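J.: Let me give you the structure first, and then I'll get to my questions.
In our numbering, the protein residues as written are 52 to 262.
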């Protein structure tokens, strides 16, 4: 069951590559948060109760509900519909994303042969998520898309931490969650200022900024 959830988690990223709708990106983030919560449920026997409660709140409440609602409000307030001017076409991006995930499965099979302590499928898919998130940031122009991709990379890092540790220290998790909120807050504050000042929402406008 866990392997099915992890594969579905990876497929959500391929869906992001196949769509241009910004709201679809946010819905994908919501689904990723819920899938992470289900993975935590399956790991309940291996976690301390306090870690399980915290991780459940982080994945189900924050990643699945609060953060997506916040992002939906920003997108609808600024009437952002689609990512229409990528540096690389969506077709080629999808092909590259597929190759990235094949690479992730290759890593999983390689780890299966040489390392027993690491959860190989967790590790392979998480590496694919991180790389594909970085690729999206490089190839997309809209600032809001970069914010969403940052969140997807964080989800990949979350999955990576599950692959290499039986229990994640509570203080580390609190630090990660704080970084998420501070990062999103600053990103969206910056985005709203740019939108107000320049009436544009892609990164090309940044080249015109001066001290």
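We put the beta carbon where it would ideally sit given N, CA and C, even for glycine.
Small disclaimer: the values here were computed from a predicted structure and weren't measured.
Would you kindly work out how many angstroms separate the C-alpha atoms of residue 184 and residue 200, rounded to a whole number?
T.: Using only the alpha carbons, I get a separation of about 5 Å.
J.: On the DSSP bridge assignment, give the partners of residue 170 in chain order.
T.: Residue 170 pairs with nothing; no bridge assigned.
J.: Mapping the DSSP letters down to three states, classify residue 72 as helix, strand or coil.
T.: Here residue 72 sits in strand by DSSP.
J.: Going by beta carbon distance, what residues of the same chain come within less than 6 Å of residue 63, once the five residues before and after it are set aside?
T.: Hits under 6 Å: 79, 82 and 83.
J.: Taking 6 Å as the line, does the beta carbon of residue 127 fall inside it for any heavy atom of the ligand SAH?
T.: This structure lacks the ligand SAH, and indeed carries no ligand of any kind.
J.: Between which two residues does the alpha helix (DSSP H) containing residue 149 stretch?
T.: That run of the alpha helix (DSSP H) goes 141–165.
J.: What number of angstroms, rounded off, separates the C-alpha of residue 130 from the C-alpha of residue 123?
T.: Distance between the alpha carbons of residue 130 and residue 123 is about 10 Å.
J.: In the structure shown, what three-state DSSP assignment does residue 133 receive?
T.: Residue state, collapsed to three classes: strand.
J.: Could you work out which residue in 59, 93, 154 and 108 is closest to residue 179 when comparing CA atoms only?
T.: With distances taken between Cα atoms, residue 179 lies closest to 154.
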